[in-house]
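The structure appears right after this line, and notes come after that.
Numbering (the numbering used here), first residue to last: 106 to 284.
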């Protein structure tokens, strides 16, 4: 049922995401959100029809990397992912009358898939954030080491300058008996 109405659901999902209050999604082009929700919905449909979560894994890996790099927080992306249900429910109710076993089964299957999505996304996002933090720490350590090396070079430079100018160095004066 989701497959037959994928365009409608993906567009509705993108509209809901685009209207999230106080969200960076409001600044994203609507076409970008439509493309993302279509990829996500296609992955959800594949998971629900085949039982394979490989496409969802790929989709979530891309989403976590892209949104983290764009500065999105995990709550914002999680809320956007969960809006898939809000986009799909009207279609489910149109296709299966509310309260019927078919409607409840469709909703339960979608809920189970969305729980998997949110759990997996949280793990991927955390792993990507940790990797990003490690890279930042490594860059900071490298910058600190560069500053230390540069400051050591400046001291050596000062020594060489004084030697070239013929200025007595404090330690040289002490060893030559000038103190």
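Don't be surprised by glycine CBs; every beta carbon is placed ideally from N, CA and C.
Quantities reported herein were computed from a predicted structural model and do not represent experimental measurements.
Distance CB(residue i)-CB(residue j) smaller than 8 Å
| i | j | result |
| --- | --- | --- |
| residue 114 | residue 146 | yes |
| residue 121 | residue 216 | no |
Residues of its chain near residue i, where Cβ-Cβ distance is below 8 Å and the 5 sequence neighbours each way are ignored
| i | result |
| --- | --- |
| residue 50 | Residue 50 is absent from the structure shown; the chain starts at 106 and stops at 284. |
Own chain, CB closer than 7 Å to residue i, minus 5 neighbours either side, in chain order
| i | result |
| --- | --- |
| residue 234 | 173 |
| residue 229 | 165, 166, 169 |
Outcome for residue i when other beta-carbon atoms lying within 10 angstroms are tallied against a minimum of 16
| i | result |
| --- | --- |
| residue 171 | exposed |
| residue 308 | Only positions 106 to 284 of the chain appear in the structure, and residue 308 is not among them; the question remains open. |
| residue 117 | buried |
| residue 238 | exposed |
| residue 193 | buried |
| residue 251 | exposed |
| residue 161 | buried |
Contacts around residue i, its chain only, beta-carbon distance under 6 Å, and the 5 residues preceding and following it disregarded
| i | result |
| --- | --- |
| residue 158 | 152 |
| residue 206 | none |
| residue 106 | 200 |
Span separating the alpha-carbon of residue i from that of residue j
| i | j | result |
| --- | --- | --- |
| residue 155 | residue 148 | 10 Å |
| residue 163 | residue 125 | 25 Å |
| residue 131 | residue 179 | 16 Å |
Extent of the continuous alpha helix (DSSP H) to which residue i belongs
| i | result |
| --- | --- |
| residue 130 | First-last for residue 130: undefined, no H or E at that position. |
| residue 117 | 111-123 |
| residue 189 | 179-200 |
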